[in-house]
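Trainee: Residue numbers (this note's numbering), protein chains in the order written: chain B, 999 to 1223; chain D, 999 to 1223.
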DNA sequence: GCAAAAGTGTTCCAGATACACCCATGT
DNA sequence: ACATGGGTGTATCTGGAACACTTTTGC
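#1: Below 8 angstroms on the Cβ atoms is my guess for residue 1209 of chain B versus residue 1194 of chain B; work out the distance and round it to an integer in Å.
#2: For residue 1005 of chain B and residue 1090 of chain B, what's the separation of their Cα atoms in angstroms?
#3: According to DSSP, which residues form a beta bridge with residue 1212 of chain B?
#4: Going by C-alpha distance, which of D:1170, D:1200 and D:1146 is nearest residue 1220 of chain D?
#5: Since I believe residue 1083 of chain B is in contact with residue 1055 of chain D (beta carbons under 8 angstroms), could you give me their beta-carbon distance rounded to a whole number of angstroms?
#6: Tell me the rounded alpha-carbon separation between residue 1087 of chain B and residue 1196 of chain B.
#7: Using only CA atoms, which one of D:1018, D:1033, D:1002 and D:1151 lies nearest to residue 1135 of chain D?
#8: So for residue 1224 of chain B, helix, strand or coil by DSSP?
#9: Taking Cβ-Cβ distances below 8 angstroms as the criterion, which residues of the stretch 1069-1096 of chain B are in contact with chain D?
#10: Buried or exposed: residue 1060 of chain B, going by 16 or more other Cβ atoms within 10 Å of its Cβ?
#11: Can the beta-carbon of residue 1026 of chain D be found less than 9 angstroms from the beta-carbon of residue 1137 of chain D?
#12: Taking only runs that begin and end inside the stretch 1021-1095 of chain B, name each unbroken alpha helix (DSSP H) of 4 or more residues, in chain order.
#13: Just to confirm my understanding: we take residue 1140 of chain B, look at its own chain, exclude 5 residues before and 5 after, and list those with CB closer than 7 angstroms. What are they?
#14: Please report how far the alpha carbon of residue 1070 of chain B lies from the alpha carbon of residue 1096 of chain D, in whole angstroms.
#15: Do residue 1021 of chain B and residue 1102 of chain B have their C-beta atoms closer together than 9 angstroms?
#16: DSSP on residue 1136 of chain D, reduced to helix/strand/coil?
#17: Any beta-carbon of chain D closer than 9 angstroms to the one on residue 1150 of chain B?
#18: By a C-beta neighbour count over all protein chains shown, 10 Å radius and 16 as the cutoff for buried, is residue 1203 of chain B buried or exposed?
#19: In the stretch 1034-1057 of chain B, which residues sit with their C-beta less than 9 angstroms from some C-beta in chain D, listed in chain order?
#20: Inspect the beta-carbon positions of residue 1212 of chain D and residue 1159 of chain D and report whether they are closer than 9 angstroms.
#21: Comparing C-alpha positions only, which one of D:1119, D:1125, D:1033 and D:1106 sits nearest to residue 1155 of chain D?
#22: What are the boundary residues of the beta strand (DSSP E) that includes residue 1120 of chain B?
#23: Looking at chain D, which residues of the stretch 1007-1025 of chain B have a Cβ within less than 9 angstroms of any of its Cβ atoms?
#24: Which residues in chain D sit within 9 angstroms of residue 1003 of chain B, going by Cβ to Cβ distance?
#25: What residue range is occupied by the uninterrupted beta strand (DSSP E) comprising residue 1006 of chain B?
#26: Of all the options D:1223, D:1057 and D:1068, which has the alpha carbon lying nearest to the alpha carbon of residue 1189 of chain D?
#27: From B:1068, B:1094, B:1014 and B:1164, pick the residue whose C-alpha is nearest to that of residue 1206 of chain B; which is it?
#28: Report the partner residues of residue 1150 of chain B according to the DSSP bridge assignment.
#29: What number of angstroms, rounded off, separates the C-alpha of residue 1117 of chain B from the C-alpha of residue 1085 of chain B?
#30: Just the C-alpha distance for residue 1028 of chain B and residue 1119 of chain B, rounded to the nearest angstrom, thanks.
#31: Taking residue 1224 of chain B as the reference, which of B:1151, B:1198 and B:1044 has the closest Cα?
#32: Given residue 1050 of chain B, which residues of its chain have a CB within under 6 angstroms of its CB, disregarding the five upstream and five downstream residues?
#33: Between the beta-carbon of residue 1143 of chain B and the beta-carbon of residue 1187 of chain B, is there less than 9 angstroms?
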């Protein structure tokens, strides 16, 4: 163990980031958890995250920790909220800047980090016991996601660049946990004028093939209304 | 100057809070700034804020710094966003958890802290040069306020417990920077069923007196829609 | 030819907007 | 009596919700 080397006139809290990574898998909204290998909360599941390095941005820290612990990159990331209850970590005072992230499942191939922690997807409605205040963080992230679904184009972040209308509707249905009317849904999305036909079709079973679409503006999440 | 006393194995950033305190004064949306007495950004105006103490919550820190620097308390406070660009403070790495606060102007009597910094109200549309990244923080707070105005009851936080309909409409008009139709505004607010008549009237010039209202739920900001 | 998902329009309702006049008071 | 802001109702528009049948394919 290295000697204490960094000294300050006043006490400084530690700063961490935690990431709630959502995806749609098996037509369910799921999120990524890692199983803790050490105390505190050993063997509990937790959000991927860790300590901020002194020269990196908060966002870089969130992406780095996600990559280190799960091997995942290239996700959409947005700051959620900062949690700082004095007793949230028994080791020392920790301020955690929480982020949420979204990505299409097929782009994601989680693998445990070298320290052999397990990594896995968990449906939002059947989560295991969680470390720290991570239940609260997930709950807030989920509510933010539901809210943003209907005034932003955030749903597109769950999809590959080319997708069918049905896939997009499934994203909405999984997040809202409700079935939507196909005609009204298509009318509403078309009215936003966000998508363009690719001209391609996907054959996908014994029924009529589906047209595929592409976002006109895939890089950005746009605020509607 | 005290000796360095607090040592860590890894470097820790400093954590601060900053508060964007809004009020309605002279039928304009204004916010509270303090003039900096020391470097960096000496003489620049800045948001009230300061370093987190190791045992206080983030929210307590925001309220404490506001009280210390301006003598103001009893405001509505909500977390805004956390700013952590590595170069945002030239002295050391600082993570700032920004809050915004709202209060009726008459409840507020700012006075400079003992170190003789000036404290003052500034209309949102004519701000002086600001220290650090405080322009960005204010811009985000302002956009959040405008957005929350139409899906929460946040406007009531600008008013005394007892107020007239015209006062409430003025809050909306100052924040949205637009004039609203009196009849439609009253109809919309009445439909929300948030207010009750007090039975009192205020005489306020050579015209018909106005009924006053009270929030049915003054302590809470409720999410509508 | 049948099962299965893709694709398409119209009617209805509710909430938002536009708009003009009478009321109670002070001077 | 008149100037000033307080207080009220109706017609219209628009976006969302409900709802059923035809099309294209694989087997």
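C-beta atoms are modelled at their ideal positions from N, C-alpha and C, and glycine is treated no differently.
Mentor: To lay it out plainly:
#1: In the first chain, counting from the first residue as 1, residue 1209 of chain B sits at position 211. In the first chain, counting from the first residue as 1, residue 1194 of chain B sits at position 196. Rounded, the Cβ-Cβ distance is 11 angstroms, inconsistent with contact.
#2: Here residue 1005 of chain B refers to the residue found at position 7 of the first chain. Here residue 1090 of chain B refers to the residue found at position 92 of the first chain. Cα-Cα distance, rounded: 16 angstroms.
#3: Counting from one through the first chain, the residue named residue 1212 of chain B turns up at place 214. Looking at the DSSP assignment, residue 1212 of chain B forms a beta bridge with B:1160 and B:1194.
#4: On the second chain, residue 1220 of chain D is found 222 positions in, with the first residue counted as 1. The shortest C-alpha separation from residue 1220 of chain D is found at D:1146.
#5: Stepping through the second chain from its first residue, residue 1055 of chain D is reached at position 57. Stepping through the first chain from its first residue, residue 1083 of chain B is reached at position 85. The pair is a contact, with the Cβ atoms about 6 angstroms apart (cut-off 8 angstroms).
#6: Position 89 of the first chain, counting from 1, holds the residue named residue 1087 of chain B. Position 198 of the first chain, counting from 1, holds the residue named residue 1196 of chain B. Approximately 50 angstroms, taken between the alpha carbons.
#7: Position 137 of the second chain, counted from the start, is the residue given in the question as residue 1135 of chain D. When only C-alpha atoms are compared, the closest one is D:1018.
#8: Here chain B covers residues 999 to 1223 and nothing more, so residue 1224 of chain B does not appear.
#9: 1077, 1079, 1080, 1082, 1083, 1084, 1091, 1093 and 1095
#10: Numbered from its first residue, the first chain carries residue 1060 of chain B at position 62. Its Cβ being crowded by 16 or more others within 10 Å, residue 1060 of chain B is buried.
#11: Position 28 of the second chain, counting from 1, holds the residue named residue 1026 of chain D. Position 139 of the second chain, counting from 1, holds the residue named residue 1137 of chain D. No. Outside cutoff.
#12: 1056-1068
#13: The residue you call residue 1140 of chain B lines up with position 142 of the first chain. Cβ within range, chain order: 1122.
#14: Stepping through the first chain from its first residue, residue 1070 of chain B is reached at position 72. Stepping through the second chain from its first residue, residue 1096 of chain D is reached at position 98. Looking at the two C-alpha atoms, the distance is approximately 30 angstroms.
#15: Taking the first chain and counting its residues from 1, one reaches residue 1021 of chain B at position 23. Taking the first chain and counting its residues from 1, one reaches residue 1102 of chain B at position 104. Cβ atoms of residue 1021 of chain B and residue 1102 of chain B: closer than 9 angstroms.
#16: Counted from its first residue, the second chain places residue 1136 of chain D at position 138. The answer is helix: DSSP assigns residue 1136 of chain D an H, G or I state.
#17: Taking the first residue of the first chain as 1, we reach residue 1150 of chain B at position 152. No, residue 1150 of chain B does not count as interfacial toward chain D.
#18: Translated into the one-based positions of the first chain, residue 1203 of chain B becomes position 205. Flag for residue 1203 of chain B reads exposed.
#19: 1049, 1050, 1051, 1052, 1053, 1054, 1055, 1056 and 1057
#20: Start at 1 with the first residue of the second chain, and residue 1212 of chain D comes out as number 214. Start at 1 with the first residue of the second chain, and residue 1159 of chain D comes out as number 161. Yes; because the gap between Cβ atoms is below 9 angstroms, this pair is in contact.
#21: Here residue 1155 of chain D is taken as the residue at index 157 of the second chain, counted from 1. Taking only the C-alpha atoms, the option nearest residue 1155 of chain D is D:1106.
#22: In the first chain, counting from the first residue as 1, residue 1120 of chain B sits at position 122. From DSSP, the beta strand (DSSP E) with residue 1120 of chain B extends over 1117-1121.
#23: 1007, 1008, 1009, 1010, 1011, 1012 and 1013
#24: Within the first chain, residue 1003 of chain B is the residue found at index 5, counting from 1. Per Cβ cutoff of 9 angstroms: 1005, 1006, 1007, 1008 and 1009.
#25: Within the first chain, the letter at position 8 stands for residue 1006 of chain B. Looking at the DSSP string, the run of the beta strand (DSSP E) that includes residue 1006 of chain B is 1004-1006.
#26: Numbered from 1 along the second chain, position 191 holds the residue referred to as residue 1189 of chain D. It is D:1223 whose Cα lies nearest to the Cα of residue 1189 of chain D.
#27: Position 208 of the first chain, counting from 1, holds the residue named residue 1206 of chain B. If we check each option's Cα against that of residue 1206 of chain B, B:1164 comes out closest.
#28: The residue labelled residue 1150 of chain B in the question sits at position 152 within the first chain. DSSP output for residue 1150 of chain B lists B:1221 as bridge partner(s).
#29: Start at 1 with the first residue of the first chain, and residue 1117 of chain B comes out as number 119. Start at 1 with the first residue of the first chain, and residue 1085 of chain B comes out as number 87. If I take the Cα positions, the gap works out to 26 angstroms.
#30: Locating residue 1028 of chain B in the first chain gives position 30, counting from the first residue. Locating residue 1119 of chain B in the first chain gives position 121, counting from the first residue. Answer to the nearest angstrom: the Cα atoms are 6 angstroms apart.
#31: Nothing about residue 1224 of chain B can be reported from this structure: the residues present for chain B run from 999 to 1223 only.
#32: Walking along the first chain from the start, residue 1050 of chain B turns up at place 52. Closer than 6 angstroms at the Cβ level, and outside the excluded window around residue 1050 of chain B, lie 1013 and 1059.
#33: Locating residue 1143 of chain B in the first chain gives position 145, where the first residue counts as 1. Locating residue 1187 of chain B in the first chain gives position 189, where the first residue counts as 1. Going by C-beta atoms, residue 1143 of chain B is not nearer than 9 angstroms to residue 1187 of chain B.
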